[in-house]
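Numbering (the numbering used here), first residue to last: 3 to 220.
1) Between the region 82-93 and the region 60-68, do three or more beta carbon pairs fall short of 8 Å?
2) For the putative contact between residue 128 and residue 168, defined by C-beta atoms under 8 Å, what is the C-beta separation to the nearest angstrom?
3) Assess, as a yes-or-no matter, whether the region 106-121 is touched by the region 23-33 under the definition of 3 or more beta carbon pairs within less than 8 Å.
4) In three-state DSSP terms, what is residue 200?
5) Quick check on residue 143: does DSSP put it in helix, strand or coil?
6) Would residue 86 and residue 110 qualify as a contact pair, given that the criterion is a beta-carbon distance under 7 Å?
7) For residue 219 and residue 14, I'd like the C-alpha separation in whole angstroms.
8) Looking at the secondary structure, which residues open and close the alpha helix (DSSP H) in which residue 121 lies?
9) From what residue to what residue does the alpha helix (DSSP H) around residue 87 run?
10) Drop a sphere of 10 angstroms on the beta-carbon of residue 116, count the other beta-carbons inside from all chains shown, and report buried for 16 or more, exposed for fewer.
11) Could you pull the DSSP bridge partners for residue 166 from this structure?
12) Taking C-alpha atoms, which residue in 152, 192, 68 lies nearest to residue 98?
13) Work out the CA separation of residue 52 and residue 3 for me, nearest whole Å.
14) Residue 227: which of 104, 217, 140, 76 sits nearest, CA to CA?
15) Considering only residues of the same chain and omitting the five flanking positions on each side of residue 83, which have a CB-CB separation below 6 Å?
16) Which class does residue 26 belong to by DSSP, given the choice of helix, strand or coil?
17) In chain order, what residues of the same chain have a beta carbon less than 8 Å from the beta carbon of residue 238, not counting five sequence neighbours either side?
18) Looking at the unbroken alpha helix (DSSP H) that takes in residue 65, where does it start and where does it end?
19) Taking just the CA atoms, how far does residue 205 sit from residue 213?
20) Going by DSSP, what residue range makes up the beta strand (DSSP E) through residue 10?
21) Whole angstroms are fine: how far does the CA of residue 101 sit from the CA of residue 10?
22) In the DSSP assignment, find the unbroken beta strand (DSSP E) run with residue 113 in it and report its ends.
Have a look at this one:
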């Protein structure tokens with residue numbers, strides 16, 4: 003099988019429960035959703051085999067005697083392509099496998115850490131549809147982009163997870179998740195304070211900001 007890979011790079015995990023941990027990111031091309039705030043240009047791709055992906059991941063994470071090497075499968079939507087063949091090859095190379103998914107598709111067995119970032123629209127109808135299309139039930143981490151347009155508590159009734167992260171849409175006047183929608187930029191201010199206020203009144207959640215962007219990393 004040839005996987006459609008957008009890019010592979012080594013950096014720090016910038017958000018969520020593994021924030022600050024070095025990892026190789028494998029970004030797959032293609033997604034089954036089109037979220038207006040998405041920060042990823044994933045239309046371009048290079049066909050790669052599982053062996054080629056693992057070889058590049060190993061070249062980037064060339065640290066002798068490291069006992070827990072982390073690889074993050076992301077996108078786009080990686081569940082469109084990730085399969086047992088790739089997972090087995092990464093495990094054989096000694097990698098701890100994380101995936102970042104929108105949760106709308108089932109996943110193969112063998113993933114060590116699942117981060118589900120469910121996506122909802124701007125109306126009750128699209129939120130209801132987002133809840134209905136959720137395919138996962140139990141994950142390690144839920145990470146929700148907080149837009150302030152709906153109550154993220156809706157996901158607590160749909161998912162079982164160990165960690166619940168809330169991420170502001172925009173920080174300090176800059177898009178954390180870049181959007182080309184000008185009217186949103188005109189009408190909405192920095193929503194980090196709003197996100198913090200929500201968490202203070204709903205302490206089940208934890209704050210997640212994209213430290214890789216603050217630090218100028220990939």
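Note that CB positions come from ideal geometry on N, CA and C, so glycine has one too.
Source: prediction; values computed, not measured.
According to the structure shown:
1) Segments in contact, no.
2) Not confirmed; about 19 Å, so no contact.
3) No, the region 23-33 does not touch the region 106-121.
4) Note: residue 200 maps to helix in three-state DSSP.
5) If DSSP states are grouped into helix, strand and coil, residue 143 belongs with the strands.
6) Taking 7 Å as the Cβ cut-off, residue 86 and residue 110 qualify as a contacting pair.
7) Distance between the alpha carbons of residue 219 and residue 14 is about 8 Å.
8) Careful: residue 121 lies outside any alpha helix (DSSP H) and carries neither H nor E.
9) First-last of the alpha helix (DSSP H) with residue 87: 86-94.
10) It is buried - the Cβ of residue 116 has at least 16 other Cβ atoms within 10 Å.
11) According to DSSP, residue 166 bridges with 144.
12) Relative to residue 98, the option among 152, 192, 68 whose CA is nearest is 68.
13) Roughly 8 Å between the two C-alpha positions.
14) Here the chain comprises residues numbered 3 to 220, so residue 227 is not present and cannot be evaluated.
15) Contacts found: 5, 30.
16) The answer is strand: DSSP assigns residue 26 an E or B state.
17) Because the chain is modelled from 3 through 220, residue 238 falls outside the range shown and cannot be assessed.
18) Residue 65 -> no alpha helix (DSSP H), and no H or E assigned at all.
19) C-alpha separation (whole angstroms): 21 Å.
20) First-last of the beta strand (DSSP E) with residue 10: 5-14.
21) So the alpha carbons of these two residues sit roughly 14 Å apart.
22) Where residue 113 is concerned, there is no enclosing beta strand (DSSP E), given that its DSSP letter is neither H nor E.
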